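Chemist: If you're matching positions, the sequence shown starts at 1 in the UniProt record's numbering and goes up one per residue. Ideal Cβ placement from N, Cα and C applies to all residues, glycine included. Note that the structure is a prediction, hence the values are computed from the model and not measured. Below you'll find the structure I mean.
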Amino acid sequence: MGTVSAFEFVGFVFVSGILMVLCMAQTNVHYYDFVLKETNFTRLCSTKSMLTVNESFPGPIIRAHKGDTVYVNVHNEGDYGVTIHWHGVKQPRNPWSDGPEYITQCPIEPRSNFTYEVILSKEEGTLWWHAHSDWTRASIHGAIVVYPAIGTTFPFLKPDEEEIIVLGSWYKGDVNKMVAESLETETTYRWLVDYGKTYLLRIVNAVMNVELFFAIAQHNLTVVGIDGAYVYGFCTVILKDISVGV
Ligand SMILES: *[C@@H]1O[C@H](CO)[C@@H](O)[C@H](O)[C@H]1NC(C)=O
Ligand SMILES: *[C@@H]1O[C@H](CO)[C@@H](O)[C@H](O)[C@H]1NC(C)=O
Ligand SMILES: *[C@@H]1O[C@H](CO)[C@@H](O)[C@H](O)[C@H]1NC(C)=O
Ligand SMILES: *[C@@H]1O[C@H](CO)[C@@H](O)[C@H](O)[C@H]1NC(C)=O
C-alpha cells in the first residue's frame, strides 16, 4: 500500500509539474525603458518645464496580461532623485520593487538607473504607475492595462472599443517648488491660551481633494463631534485625519 501511495504522490507531483509548466507558458515577460527627463509642456496657455517619462504626459502605457512580469528600467536624466510605484500591483514577497521612497528603496539618483520587477498576480483591469517622491507624481504617471490572462476573457460582453482616460492635475508652476515654498512660508496661526483651561476647536477642511492631519504638539485632542453631530463615546487622539468637507 505504502508503495502505491508513493507512486500516487509522485504522479501527483508530476501532473502538477506539467500543469505549472502549462500555466507558466501562458504568461509573458515584458521590458520597458523609462527615461525621466525635464520636458516643456503647454497646457491652459502656460508653458513650463517638468519631469516626465519619455517626454510624454501622461507617461507611457504599460500593457500586459494577468500573471505577466514587467521589467521597467528607469533611467533618471532629471535633476533630482525619484522612485516609481506600481499602484494596485500587490507584488507579494516582492517589496523591493514596490517603490515608496525611503521605505523600500532610496531614490534613483540623477544619471543612474534602476530596474523594477513588476510581478502581476491576481490583478486584472486598469491600474497606474506614478512617481513616489514628494509631489513628483503630478507629472510622472501613466496607466497600467492588465488584460485577462491569455485564453480567458472579460467577465462581461467584449466591448467594441476601449479608451484610456487619465484624470490628472495641471499646476501652472513647478509643483515641487510650490510645496517647498508653502512649507517655508510663515503661515503659523497663533492663539494665546490659558494653562489648564479646556478649549473647543471647530475645524473645517476647505483644501482641495486631500485629507489633512491636525495635531497640537504635546497635547491630546478629544473629538466630540464630526459632520454636524456629536460622537458617541468621546475619543481622545493625538493625530486627527480630517477628510475633505469635515
Ligand atoms: C523611452 O525612450 C527610450 C529612449 O528613447 C526608448 O528606448 C524607450 O523604448 C522608450 N520607452 C517607451 C515606453 O516608449
Ligand atoms: C523649456 O523652455 C525654456 C524657455 O523657452 C528653455 O529655456 C528651456 O531650455 C526649455 N527646456 C527644455 C527641457 O526643453
Ligand atoms: C541600468 O541599465 C543598463 C542598460 O540598460 C542595464 O544593463 C542595467 O542592468 C541597469 N541597472 C540597473 C541597476 O537596473
Ligand atoms: C496623551 O494621552 C496618552 C495616552 O493616553 C498619555 O500617555 C499622555 O500622557 C497624554 N499626553 C498629554 C500631553 O496629556
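Count the other CB atoms within 10 Å of the CB of proline 95; is the residue buried (16 or more) or exposed (fewer)?
Modeler: Translated into positions along the sequence shown, residue 95 becomes position 95. The residue in question, proline 95, is exposed, as its Cβ has fewer than 16 Cβ neighbours within 10 Å.
Chemist: Could you give the distance in angstroms between the alpha-carbon of tyrosine 230 and the alpha-carbon of valine 223?
Modeler: Looking up residue 230 in the sequence shown gives position 230. Looking up residue 223 in the sequence shown gives position 223. Between tyrosine 230 and valine 223, the C-alpha separation is close to 9 angstroms.
Chemist: I need the DSSP call for glutamate 38, collapsed to helix, strand or coil.
Modeler: Position 38 of the sequence shown holds residue 38. The answer is strand: DSSP assigns glutamate 38 an E or B state.
Chemist: By alpha-carbon positions, which one of Glu163, Pro107, Ser121 ends up nearest to threonine 115?
Modeler: The sequence position of residue 115 within the sequence shown is 115, counting from 1. Here the closest residue by C-alpha is Pro107.
Chemist: Examine ligand 1 and report whether any of its heavy atoms sits within less than 6 angstroms of the Cβ of valine 35.
Modeler: Taking the first residue of the sequence shown as position 1, residue 35 is located at position 35. Answer for valine 35: yes, Cβ within range of ligand 1.
Chemist: Drop a sphere of 10 angstroms on the beta-carbon of leucine 157, count the other beta-carbons inside from all chains shown, and report buried for 16 or more, exposed for fewer.
Modeler: By one-based count along the sequence shown, residue 157 stands at place 157. Its Cβ having fewer than 16 others within 10 Å, leucine 157 is exposed.
Chemist: Is threonine 115 a contact residue of ligand 3, with contact defined as CB to any heavy atom under 6 angstroms?
Modeler: Stepping through the sequence shown from its first residue, residue 115 is reached at position 115. Yes.
Chemist: Verify whether the separation of the beta carbon atoms of residue 319 and glutamate 77 is less than 7 angstroms.
Modeler: Limits of the chain in this structure are 1 at one end and 246 at the other, which puts residue 319 out of reach.
Chemist: Which stretch, first to last residue, makes up the beta strand (DSSP E) that contains serine 46?
Modeler: As a first step, residue 46 must be located in the sequence shown, where it is residue number 46. Looking at the DSSP string, the run of the beta strand (DSSP E) that includes serine 46 is 46-53.
Chemist: Compute every distance between the C-beta of proline 60 and the non-hydrogen atoms of ligand 1, then say whether any falls below 6 angstroms.
Modeler: As a first step, residue 60 is located in the sequence shown; it is residue number 60 there, counting from the start. Yes, Cβ of proline 60 sits closer than 6 angstroms to a heavy atom of ligand 1.
Chemist: Rounded to whole angstroms, what's the CA-CA distance from isoleucine 119 to lysine 48? Just pull it up for me.
Modeler: Taking the first residue of the sequence shown as position 1, residue 119 is located at position 119. Taking the first residue of the sequence shown as position 1, residue 48 is located at position 48. Answer to the nearest angstrom: the Cα atoms are 35 angstroms apart.
Chemist: Name the two residues that bound the continuous beta strand (DSSP E) containing asparagine 73.
Modeler: Position 73 of the sequence shown holds residue 73. Its beta strand (DSSP E) spans residues 69-76.
Chemist: Measuring only the C-alpha atoms, how far is valine 204 from isoleucine 150?
Modeler: Position 204 of the sequence shown holds residue 204. Position 150 of the sequence shown holds residue 150. Rounded to whole angstroms, valine 204 to isoleucine 150 spans 50 angstroms at the Cα level.
Chemist: Roughly how many angstroms lie between the CA atoms of isoleucine 140 and tyrosine 195, to the nearest whole one?
Modeler: Position 140 of the sequence shown, counted from the first residue, corresponds to residue 140. Position 195 of the sequence shown, counted from the first residue, corresponds to residue 195. If I take the Cα positions, the gap works out to 48 angstroms.
Chemist: Starting from alanine 180, follow the alpha helix (DSSP H) in both directions and report where the run begins and ends.
Modeler: Taking the first residue of the sequence shown as position 1, residue 180 is located at position 180. Its alpha helix (DSSP H) spans residues 175-184.
Chemist: Look at phenylalanine 41 and valine 72 and say whether their C-beta atoms are less than 7 angstroms apart.
Modeler: Sequence index remark: in the sequence shown, residue 41 carries index 41 (1-based). Sequence index remark: in the sequence shown, residue 72 carries index 72 (1-based). For phenylalanine 41 and valine 72, no; Cβs fall outside 7 angstroms.
Chemist: Tell me the residue span of the beta strand (DSSP E) that contains phenylalanine 57.
Modeler: As a working note, residue 57 is residue 57 in the sequence shown. Note, phenylalanine 57: premise wrong, no beta strand (DSSP E); not H, not E.
Chemist: Under the rule that 16 or more other beta-carbon atoms within 10 Å means buried, what is histidine 219, buried or exposed?
Modeler: The count along the sequence shown starts at 1 and reaches residue 219 at position 219. Exposed.
Chemist: So is the beta-carbon of asparagine 73 under 6 angstroms away from any non-hydrogen atom of ligand 3?
Modeler: Numbered from 1 along the sequence shown, position 73 holds the residue referred to as residue 73. Yes, since a heavy atom of ligand 3 falls inside the 6 angstroms radius drawn around the Cβ of asparagine 73.
Chemist: Should leucine 51 go down as buried or exposed, given a rule of 16 or more other Cβ atoms within 10 Å for buried?
Modeler: Taking the sequence shown and counting its residues from 1, one reaches residue 51 at position 51. Classification for leucine 51: buried.
Chemist: Should tyrosine 32 be counted as a contact of ligand 1 given a C-beta to heavy atom distance under 6 angstroms?
Modeler: For the purposes of this step, residue 32 is identified with residue 32 of the sequence shown, where counting begins at 1. Yes - ligand 1 has a heavy atom lying nearer than 6 angstroms to the Cβ of tyrosine 32.
Chemist: Helix, strand or coil for alanine 229? Go by DSSP, reduced to three states.
Modeler: Locating residue 229 in the sequence shown gives position 229, where the first residue counts as 1. Strand, per DSSP.
Chemist: If you follow the beta strand (DSSP E) that leucine 201 is part of, which residue opens it and which one closes it?
Modeler: Locating residue 201 in the sequence shown gives position 201, where the first residue counts as 1. Looking at the DSSP string, leucine 201 is not in any beta strand (DSSP E), and its letter there is neither H nor E.
Chemist: If distances are taken between C-alpha atoms only, which option among Leu127, Glu109, Arg137 comes closest to asparagine 176?
Modeler: Mapped onto the sequence shown, residue 176 falls at position 176. Asparagine 176 has its Cα closest to that of Arg137, out of Leu127, Glu109, Arg137.
Chemist: For tryptophan 86, does the three-state DSSP call read helix, strand or coil?
Modeler: Start at 1 with the first residue of the sequence shown, and residue 86 comes out as number 86. Three-state result, tryptophan 86: strand.
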